[in-house]
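In the working numbering, the protein residues as written are 616 to 777. The C-beta atom is built at its ideal place from N, Cα and C for all residues, glycine as well. Just so we're clear, the structure is a prediction, and the values are computed from it rather than from any experiment. As structure tokens, the structure follows; a few thoughts come after it.
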Ligand SMILES: [Zn+2]
């Protein structure tokens, strides 16, 4: 782990804000959730790992262990939640955008030779794009295509050249 990685906050989300977790992964943040786990256990795990616990549950204080790092969100809209979180804990929206697998929460690896990506993607996609990334976990190949532009538009971000 580099020092830079240690400086970036990481997150544990409860089942009410999982969509926000996906956006955090899109921004390159380490974000985990487990809908099968009880809130009590999620908070314990967040405290153990030094993660920020994100929830919409406003009645945490009496029933549960105290989350050491806690942000309680009011909105039920994940884009608005991202704004709320950003107000509480300024986020970096640009430098790691689309560097992490949304499914696995693992950092993507750049495929250095475009030729090596050819067999993983549709020929039209391969022709149109120059940079491809692969998830070392699930093997999915990513590129900065229309889904990047659409997501950035939704989040109010500049996608850059895609
Ligand atoms: Zn993956």
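*Name the two residues that bound the continuous beta strand (DSSP E) containing residue 703.*
Within the chain shown, residue 703 is the residue found at index 88, counting from 1. First-last for residue 703: 693 to 703, but that is the alpha helix (DSSP H), not the beta strand (DSSP E).
*asked:* Taking contact to mean 3 or more Cβ pairs, one atom from each stretch, closer than 8 Å, check whether the stretch 654 to 669 and the stretch 707 to 718 are in contact.
replied: Counting C-beta pairs with one atom in each stretch, the stretch 654 to 669 and the stretch 707 to 718 have fewer than three that are closer than 8 Å, which means they do not touch.
*Return yes when the Cβ of residue 627 is within less than 9 Å of the Cβ of residue 657, no when it is not.*
For this step, residue 657 is matched to residue 42 along the chain shown. For this step, residue 627 is matched to residue 12 along the chain shown. Going by C-beta atoms, residue 657 is nearer than 9 Å to residue 627.
*Of the choices 651, 754 and 758, whose alpha-carbon is the least far from that of residue 739?*
Your numbering for residue 739 matches position 124 in the chain shown. Closest option to residue 739, Cα to Cα, is 758.
*Based on Cα-Cα distance, which residue from 684, 743, 733 and 769 lies nearest to residue 760?*
The count along the chain shown starts at 1 and reaches residue 760 at position 145. When each option's Cα is compared against that of residue 760, the closest is 743.
*asked:* Closer than 8 Å to a non-hydrogen atom of ligand 1 - does that hold for the CB of residue 719?
replied: Taking the chain shown and counting its residues from 1, the one referred to as residue 719 is at position 104. Yes.
*Go ahead and pull the three-state DSSP assignment for residue 660.*
The residue you call residue 660 lines up with position 45 of the chain shown. Residue 660 falls in the helix class under three-state DSSP.
*Once you ignore the five residues that flank residue 639 on each side, which residues in its own chain have a CB closer than 7 Å to its CB?*
Reading the chain shown from its first residue, position 24 is the one you call residue 639. Taken in chain order, the residues that qualify are 626 and 646.
*asked:* Under DSSP, the alpha helix (DSSP H) around residue 755 begins and ends at which residues?
replied: As a first step, residue 755 must be located in the chain shown, where it is residue number 140. Note, residue 755: premise wrong, no alpha helix (DSSP H); not H, not E.
*For ligand 1, is there a heavy atom less than 8 Å away from the beta-carbon of residue 767?*
Sequence index remark: in the chain shown, residue 767 carries index 152 (1-based). Not so, every heavy atom of ligand 1 lies at least 8 Å from the Cβ.
*So which of 697, 747 and 702 has the shortest CA-CA distance to residue 771?*
As a working mapping, residue 771 is identified with position 156 in the chain shown. The shortest C-alpha separation from residue 771 is found at 697.
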